[in-house]
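Numbering follows the numbering used here, with no gaps: position 109 of the sequence shown is 126. Ideal Cβ positions, reconstructed from N, Cα and C, are used throughout, including at glycine. From a predicted model like this one, the values you see are computed outputs, not experimental measurements. Step one of this worksheet: look at the structure below.
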Amino acid sequence: MLLATFKLCAGSSYRHVRNMKGLRHQAVLAIGQELNWRALGGPTPGAWINQVRRRGSLLGSQLEDTLYSDQELAYIQQGEEAMQRALGILSNQEGWKRESQQANGDEVLSKVVPDVGKVFRLEVVVDQPMERLYEELVERMETMGEWNPNVKEIKILQKIGKDTVITHELAAEAAGNLVGPRDFVSVRCTKRRGSMCVLAGMATRFEEMPEQKGVIRAEHGPTCMVLHPLAGSPSKTKLTWLLSIDLKGWLPKTIINQVLSQTQVDFANHLRKRLESSSALEARC
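The following block contains the structure:
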């Protein structure tokens, strides 16, 4: 960071670099430092969250040599802020109540968070290495509709750098069609730090994807998935999924809570089946 600062200061003496892009570039670095300071000054998190937060700037080295438009920078910052808010919620262990626990150990917890609402937390162990989950959830994100019946389609609308994407997700009807079709436009941010990965996101606006007729535009709050190898069993992965959604429209809270909790349980089951079938196919080939 000292070297980057020196380069910026030295470069400022030349007229050709005295432009808005240069100022914007410096502003991004300042934002990264500020977000890091806030993250490290927040509530004491668990060890795995601390590990993610400690390593490197949130807006990081990828921006030091790359210039983005104002809108792209806004998306990047929004994705980073979503990650910090979601990790902050997960780091606070107080107030969680059990919604359900499955025979295989899968557990759904919930609590009400000020300025966010009710959030749900899925805790599962998947009998697959983290790299396989990363491939399925990040690199093959757009194929999720093939194996998760709760999702009709996920489309990447725009990629910004290596870590940020804007997506459109069309969800299937739920609760016996009591919950009609919903769609989401979200900014998603992915960070990999060694053997750990965090996928985070929240609702955003994207002019090229306006609301569609007959579909309610719902909103993701700060959400994230945290993946890391299970302690003592590196071939297995601990997955923690924080889910926060405003489904919009008029729906009883009891139905909303049931749908969101069950969505997480179903997701874990469908993900396991997908990974198992992929492994079996690879073994045959």
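If we count the other Cβ atoms within 10 Å of its Cβ and call it buried at 16 or more, is W267 buried or exposed?
-> Here W267 is exposed, its C-beta having fewer than 16 other C-beta atoms within 10 Å.
Through-space distance from F201 to L174, alpha-carbon basis | 12 Å
Under 8 Å between C-beta atoms of V143 and L150 = Yes, the Cβ-Cβ distance between V143 and L150 is below 8 Å.
Cβ atoms of E124 and Q140: under 8 Å apart, would you say?
-> Reading off the sequence, residue 140 comes out as Glu, not Gln. In this structure, E140 lies near E124, with their beta-carbon atoms less than 8 Å apart.
Work out the CA separation of E170 and L264 for me, nearest whole Å.
-> L264 and E170 have their alpha carbons spaced roughly 17 Å apart.
Closest by CA to T207, which one among D87, A99, L126, Q88?
-> A99
Taking the Cβ atom as the reference point for each residue, do S203 and T181 lie within a distance shorter than 8 Å?
-> no
Nonlocal neighbours in the same chain, by C-beta distance under 6 Å from H287, ignoring five residues either side = W164, N165
Okay, do the stretch 86-102 and the stretch 214-234 touch, 3+ Cβ pairs below 8 Å being the bar?
-> yes
By DSSP, does S117 sit in helix, in strand, or in coil?
-> strand
Taking the alpha-carbon positions, what's the A103 to M147 distance?
-> 20 Å
Minimum length 3: unbroken beta strand (DSSP E) runs contained in the stretch 98-158 = 114-118, 124-130, 134-143
From S295, V282, S296, pick the residue whose C-alpha is nearest to that of N121; which is it?
-> V282
Excluding the five sequence neighbours on either side, which residues of its own chain have a C-beta within less than 7 Å of the C-beta of L247, listed in chain order?
-> Contacts found: V142, K253, T254, K255.
Report the three-state DSSP secondary structure of V276 (helix, strand or coil).
-> In the structure shown, V276 sits in a helix (DSSP, three-state: H, G or I).
Which whole-angstrom value is the C-beta distance of E152 and K172, which I expect to be below 8 Å?
-> About 19 Å; that fails the 8 Å criterion.
Where does S86 land, buried or exposed, given buried means 16+ other C-beta within 10 angstroms?
-> exposed
Determine the burial state of L84: buried for a count of at least 16 other Cβ atoms within 10 Å of its Cβ, exposed for fewer.
-> exposed
Mind checking who D263 pairs with in its DSSP beta bridge?
-> E236
Excluding the 5 residues preceding and the 5 following F284 in the sequence, name in chain order all residues of the same chain whose CB lies nearer than 6 Å to its CB.
-> none
Give a single yes or no on whether S252 has its beta carbon closer than 7 Å to a heavy atom of the ligand ADP.
-> Ligands are entirely absent from the displayed structure, and the ligand ADP is therefore not among its contents.
Can you tell me which of Q110, Q95, Q94, L90 puts its alpha carbon nearest to the alpha carbon of L259?
-> Q110
For M226, the three-state DSSP class (helix, strand or coil) = In this structure, M226 counts as coil in the three-state DSSP scheme.
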